[in-house]
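In this note's numbering, the protein residues as written are 1246 to 1486.
Put into structure tokens, the structure is as follows:
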């Protein structure tokens, strides 16, 4: 399968995840079954924000907010494919996230893995006409809502990708995300281009973001790795579904 030719396989071998259990080897499992929203919980979006059509998870982009997994994750490999359907669309996936959103906010505390459509830079010029760097667009990593990290490729407190590998509107992109003991490494369409370390939160929910534009998701899969040394302060609060 195409999934297992991604760089995440190399990381898996290096981490020795094949030794998780001699009787039950580690394997990817689907977080989205292609039929309904089983395994996911709405946090602060509308009933029609997230729908399923032709095996795809469709996000309308309205209102701004997230839905989350029903389960928390600590160390894992995440594979997710996405495509924006509007020029300049905005979205993302949150790792190690809180399962709720503070009053007055739209998005939770968590580690955001940015998904911006390529025309975003054209639509957000500075007053003098200067375009933001294209590296903002694909796979910028940053702590949101108070989560802190140390960026590999600093843009202030954020980490920007070192190479633009994203496809534009209507085209699919693949992210492979390695999250281990407060370290995150991101591969965009088959190449690692960004990372952060020393995350202050190391276990929490995965969230998908609705932020004003239609975006489609497919092939959302996760491979859980062995637990690390995570304190209570480094784990998001558990939310009862």
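The beta-carbon is built from N, C-alpha and C at its ideal position, and this holds for glycine as well.
Is residue i near the ligand GDP, with its Cβ less than 7 Å from a heavy atom?
| i | result |
| --- | --- |
| residue 1421 | This structure lacks the ligand GDP; in fact it carries no ligand of any kind. |
Look up residue i in the DSSP assignment and give the residues it is bridged to.
| i | result |
| --- | --- |
| residue 1337 | 1359 |
| residue 1330 | For residue 1330, which the question treats as bridged, DSSP gives no partner whatsoever. |
| residue 1421 | 1324, 1432 |
| residue 1313 | 1286, 1452 |
| residue 1480 | 1448 |
| residue 1415 | BP columns for residue 1415 are empty, so no partner. |
| residue 1462 | 1302, 1327 |
| residue 1376 | Note: residue 1376 sits in no beta bridge, so no partner. |
Closer than 8 Å by C-beta to residue i: which residues in its own chain qualify, once you throw out the five before and the five after it? Chain order, please.
| i | result |
| --- | --- |
| residue 1411 | 1363, 1382, 1383, 1384, 1418, 1433, 1434 |
| residue 1359 | 1337, 1381, 1382, 1383, 1384, 1385, 1386, 1387 |
| residue 1288 | 1310, 1311, 1312, 1313, 1344, 1345, 1346, 1353, 1452 |
| residue 1395 | 1441, 1442, 1443 |
| residue 1272 | 1468 |
| residue 1429 | 1340, 1356, 1358, 1386, 1394, 1422, 1423, 1440, 1441, 1442, 1444 |
Give me, in chain order, the residues of the same chain whose beta-carbon lies closer than 6 Å to that of residue i; leave out the 5 immediate sequence neighbours on both sides.
| i | result |
| --- | --- |
| residue 1408 | 1438 |
| residue 1405 | 1380, 1385, 1398 |
| residue 1266 | The pLDDT assigned to residue 1266 is 49, lower than 50, so where the model puts this residue is not dependable; a value taken from the coordinates is nonetheless given after this. Closer than 6 Å at Cβ, skipping near neighbours: no residue. |
| residue 1469 | 1321 |
| residue 1330 | 1459 |
| residue 1294 | 1305, 1455 |
| residue 1486 | 1286, 1315 |
| residue 1296 | 1303 |
Return the chain-ordered list of same chain residues with a C-beta closer than 7 Å to the C-beta of residue i, the five sequence neighbours on each side being excluded.
| i | result |
| --- | --- |
| residue 1484 | 1344, 1345 |
Roughly how far, in whole angstroms, is the beta-carbon of residue i from the beta-carbon of residue j, given that I think they are within contact range, below 8 Å?
| i | j | result |
| --- | --- | --- |
| residue 1415 | residue 1365 | The pair is not a contact, with the Cβ atoms about 15 Å apart (cut-off 8 Å). |
| residue 1218 | residue 1461 | The chain is shown only over 1246 to 1486; residue 1218 falls outside these bounds and no answer can be derived. |
| residue 1323 | residue 1424 | 7 Å |
| residue 1392 | residue 1356 | 6 Å |
| residue 1481 | residue 1370 | That belief does not hold up - the Cβ atoms of residue 1481 and residue 1370 are roughly 36 Å apart, past 8 Å. |
Contact between the stretch 1368-1378 and the stretch 1469-1480: three or more CB pairs below 8 Å? no
Q. Pairing CB atoms from the stretch 1441-1451 with CB atoms from the stretch 1335-1348, are three or more of them under 8 Å?
A. yes
**Prompt:** Hey, is the stretch 1278-1288 in contact with the stretch 1440-1447, meaning 3+ C-beta pairs nearer than 8 Å?
**Reply:** no
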